[in-house]
Amino acid sequence: MSTPLLHTGDKLVLASHNAGKLAEFSAMLKPFGITVISAGELKLPEPEETETTFTGNAALKAQAAAKASGLPALSDDSGLCVAALNGDPGIYSARWAGPDKNFPAAMARIHNDIGTGERAAWFICVLCLAFPDGRLHFFEGRTDGQIVWPPRGTNGHGYDPIFAPEGKTLSFAEMTDDEKNALSHRARAFDLFRKACLG
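Going by the numbering used here, the residue at position 189 of the sequence shown is 785; the numbering climbs one at a time, nothing skipped.
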């Protein structure tokens, strides 16, 4: 069995200023004795996401946080991809919501742009674990489903109210945290991360 990359008592910087993501990752890492600190708490600047892939943006964010903090850093680059929109908003999912994070407007834009088109969609999550010495490890999760309208549910964050995973009638935002974490793109990426990094 390989040696875990992270151990009980370690501190890990979550390279995000998103409170929803911090809550999710803190809950998932708590059983392993890993303390999660957000880049926001450390007042680290948010690097501009200039890459053209989820993997590239995840690396950019994790490397910046690891270098600035001197601690291992975990980043998450994720987004909603819609078949009828040629995979958009994809890596631009957050940007579609604008600087004021107006996700209701972004969800309405997706609905309007699809029109009567195909409603197939998928969420992608790429996690990158970066160490201050430059080592990088990547883990990718994907959940397929479809766009639903109108938005449903109040849990979760982002585009969760308009996405129903394959084989389910509830949107992500209508599910409990446990139900969502059993099949979400982030949970699937985290499972790969857990097996590789936490022993």
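Cβ coordinates follow ideal geometry from the N, Cα and C atoms, glycine included.
| query | result |
| --- | --- |
| Please identify the residue among K617, S622, G616 and S767 whose C-alpha is closest to the C-alpha of T606. | Per the sequence presented here, residue 606 reads as Asp, with Thr not at that position. Residue S622 is the option with its Cα nearest to D606. |
| Check F727 in the structure and name its three-state DSSP category. | coil |
| Between G713, H603, C721 and G752, which lies nearest to I743 when the distance is taken from Cα to Cα? | G713 |
| Indicate whether the contact test is met: 3 or more Cβ pairs, each with one atom in the segment 755 to 762 and one in the segment 685 to 704, closer than 8 Å. | yes |
| Between which two residues does the alpha helix (DSSP H) holding P700 run? | F699 to I710 |
| With a floor of 3 residues, list each beta strand (DSSP E) that falls wholly inside the segment 599 to 661, ordered by position along the chain. | 607 to 610 and 631 to 634 |
| For T648, collect the residues of the same chain with a Cβ closer than 8 Å to its Cβ; drop the 5 residues on either side in sequence, then sort them by chain order. | I687 |
| Given a cut-off of 8 Å, decide if R738 and H781 are closer than it, judged by their beta-carbon atoms. | yes |
| Check the C-beta distance from L608 over to L670 and give it rounded, since I have them as a contact under 8 Å. | 6 Å |
| What's the gap between the Cα of G741 and the Cα of P747? | 15 Å |
| Helix, strand or coil, according to DSSP, for S674 in the structure here? | strand |
| Taking 8 Å as the threshold, find out whether the segment 715 to 725 comes into contact with the segment 640 to 647 through three or more Cβ pairs. | no |
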